[in-house]
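Participant:
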């Protein structure tokens, strides 16, 4: 059933907005596996299409646009909020868990500023597949339940077909929500928001000596673990503004994101990020910077010194999570963790020779340990690879079958590479959705290799510089 928890418990923190109908809608994608997990009874039919296109509403729910603020590229911006999306419904499963259903591309809101409130098919496909790829890798993320297209012309860099995407998460609350209420001196609303988040998402914090500090510690831990997942799997978010940081520690807002092809540790894919603030190798430090901004907001109602002390845990939490993931990816024995020096030497070796980030892990996974030394022939600096291998070999699982099974279970065959996503988008623009369905299925089982998915297992033949916009 649908509930109205957010609407009832956080009044005056949003605007009620009716969706702007999307003309000539048609189905593009439906996540049946997610619908089943949510125990959501709707199907990809005309009734749901009417809701997603703004011609009908979920029964008993009024759509809202949330108000928040945030730091964008390091600068404070109070004029933010849901500018093209609406919290369309709060679905409560039989077990009591509530999942928010957020429609992106729903039309103008009071927070649209100069925007048209629409989404385009290109960016919606990228978010649908990107979020499913992240989920398949085991990295916390929002997910997409449904995607529809439209023949409405939407103007971005060029004229593109419109679309709407139904995004699902237990919460769409961002760091920027807390910042807005703190820095606009709305202390009562800030306290209400904190109470809401603790009550529904971090109940263990309620019994702590200082619930706000306990909440902050949990968010720090989740954020550190999240970013460790990004770094371990070569994911570049592209626009880590505080309004794009989830209070649940989920990958949030798929804009100019990309997975590495060639290993380039300072990779930047967002063409507006001229200074490289959100480069791949900067993401761990940006995560800390964003948490500092959240801590500042929370200090309005809690002990600033205690909050600051919590931040000291971030580096160790991040590094431990990263080491665990990378140790599994590199075949360490169960319970064994490689050192940061050993892990960094591997990524630096890939970086120095511009090796493909994903194929090399997969190649290690399928090679018997006694033959790893032959992989040195793939590198110009063969001796450097041999030294690295000799260093980590004592910590690797000598049982080839066990090690290879472990490695193949954590090193993906299918990655949401930019050129694959573009191929799907190009086909979709011609009303051919077979590639979308094929890549979608492969990303749901990324560690599985199948003949029908072999096209999605490949790296680009001629890797090119990727430049993406925030409308991506």
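In the numbering used here, the protein residues as written are 7 to 478. From the three backbone atoms N, C-alpha and C, an ideal C-beta is built for every residue, glycine too. Note that this is a predicted model, so its numbers are computed, not measured.
Taking the runs of the alpha helix (DSSP H) that are 4 residues or longer, which of them lie wholly in the stretch 112-172?
Facilitator: Correct list: 127-142.
Participant: Tell me where the beta strand (DSSP E) around residue 93 begins and ends.
Facilitator: Numbered from its first residue, the chain shown carries residue 93 at position 87. Note, residue 93: beta strand (DSSP E), 91-98.
Participant: Could you check which residue in 259, 122, 69 and 142 has the C-alpha nearest to that of residue 40?
Facilitator: The count along the chain shown starts at 1 and reaches residue 40 at position 34. Residue 142 is the option with its Cα nearest to residue 40.
Participant: DSSP puts residue 393 in a beta bridge; with which residues?
Facilitator: As a position in the chain shown, residue 393 is number 387, starting the count at 1. Per DSSP, none; premise fails for residue 393.
Participant: From what residue to what residue does the beta strand (DSSP E) around residue 104 run?
Facilitator: In the chain shown, residue 104 corresponds to position 98, counting from 1. Its beta strand (DSSP E) spans residues 104-110.
Participant: For residue 329, I'd like the list of residues in its chain whose CB is within less than 6 Å of its CB, leaving aside the five on either flank, ordered along the chain.
Facilitator: Mapped onto the chain shown, residue 329 falls at position 323. Cβ neighbours of residue 329 beyond the five flanking positions: 343.
Participant: Can you check whether the C-beta of residue 386 is within less than 8 Å of a C-beta belonging to chain D?
Facilitator: Of the chains in the structure shown, none is chain D; there is only one protein chain.
Participant: For residue 430, which residues of its own chain have a beta-carbon under 8 Å away from its beta-carbon, when the five flanking residues on both sides are left out?
Facilitator: As a first step, residue 430 must be located in the chain shown, where it is residue number 424. For residue 430, where only same-chain residues beyond five positions count, the Cβ hits under 8 Å are 131, 135, 441, 442 and 445.
Participant: Closest by CA to residue 323, which one among 438, 225, 423 and 56?
Facilitator: Taking the first residue of the chain shown as position 1, residue 323 is located at position 317. It is 225 whose Cα lies nearest to the Cα of residue 323.
Participant: Using the Cβ count rule (16 or more neighbours within 10 Å means buried), how would you classify residue 120?
Facilitator: Taking the first residue of the chain shown as position 1, residue 120 is located at position 114. So residue 120 counts as exposed.
Participant: I need the DSSP call for residue 27, collapsed to helix, strand or coil.
Facilitator: Residue numbering aside, residue 27 sits at position 21 when the chain shown is read from its first letter. If DSSP states are grouped into helix, strand and coil, residue 27 belongs with coil.
Participant: Which parts of the stretch 52-83 are runs of the beta strand (DSSP E), unbroken and 3 residues or longer, counting only runs that do not cross its ends?
Facilitator: Counting whole runs of 3 or more residues, the stretch 52-83 contains the beta strand (DSSP E) stretches 70-78.
Participant: Quick one: using the 10 Å Cβ neighbour count with 16 as the cut-off for buried, is residue 215 buried or exposed?
Facilitator: Here residue 215 refers to the residue found at position 209 when the chain shown is read from its first residue. That one is exposed.
Participant: Under 8 Å, with one C-beta from each stretch per pair, do the stretch 344-362 and the stretch 380-391 reach the 3-pair mark?
Facilitator: Taking 8 Å as the limit for Cβ pairs, the verdict is that the stretch 380-391 does touch the stretch 344-362.
Participant: How about residue 50 and residue 152: are their beta carbons less than 8 Å apart?
Facilitator: Along the chain shown, one-based indexing puts residue 50 at 44. Along the chain shown, one-based indexing puts residue 152 at 146. Closer than 8 Å, so yes.
Participant: Taking the CB atoms as reference points, tell me whether residue 303 and residue 474 lie closer together than 8 Å.
Facilitator: Indexing the chain shown from 1 puts residue 303 at position 297. Indexing the chain shown from 1 puts residue 474 at position 468. No, they are not a contact pair.
Participant: Buried or exposed for residue 168, going by 16 or more other Cβ atoms inside 10 Å?
Facilitator: Within the chain shown, residue 168 is the residue found at index 162, counting from 1. The residue in question, residue 168, is buried, as its Cβ has 16 or more Cβ neighbours within 10 Å.
Participant: With distance defined between alpha-carbon atoms, name the residue in 140, 223 and 139 nearest to residue 319.
Facilitator: Position 313 of the chain shown holds residue 319. Taking only the C-alpha atoms, the option nearest residue 319 is 223.
Participant: Under a three-way DSSP split, which group does residue 360 fall into?
Facilitator: For this step, residue 360 is matched to residue 354 along the chain shown. Residue 360: coil per DSSP, three-state reduction.
Participant: Considering only their Cβ atoms, is the gap separating residue 257 from residue 147 smaller than 8 Å?
Facilitator: Translated into positions along the chain shown, residue 147 becomes position 141. Translated into positions along the chain shown, residue 257 becomes position 251. Yes, Cβ-Cβ distance for residue 147 and residue 257 is below 8 Å.
Participant: Provide the residue span of the alpha helix (DSSP H) that contains residue 190, from first to last.
Facilitator: By 1-based counting over the chain shown, the position of residue 190 is 184. Run containing residue 190: none; DSSP gives neither H nor E here.
Participant: Just confirm the distance between the C-beta atoms of residue 156 and residue 477, as a whole number of angstroms; I'd bet it's less than 8 Å.
Facilitator: In the chain shown, the residue the question calls residue 156 occupies position 150. In the chain shown, the residue the question calls residue 477 occupies position 471. Contact doesn't hold; Cβ gap of about 16 Å is too wide.
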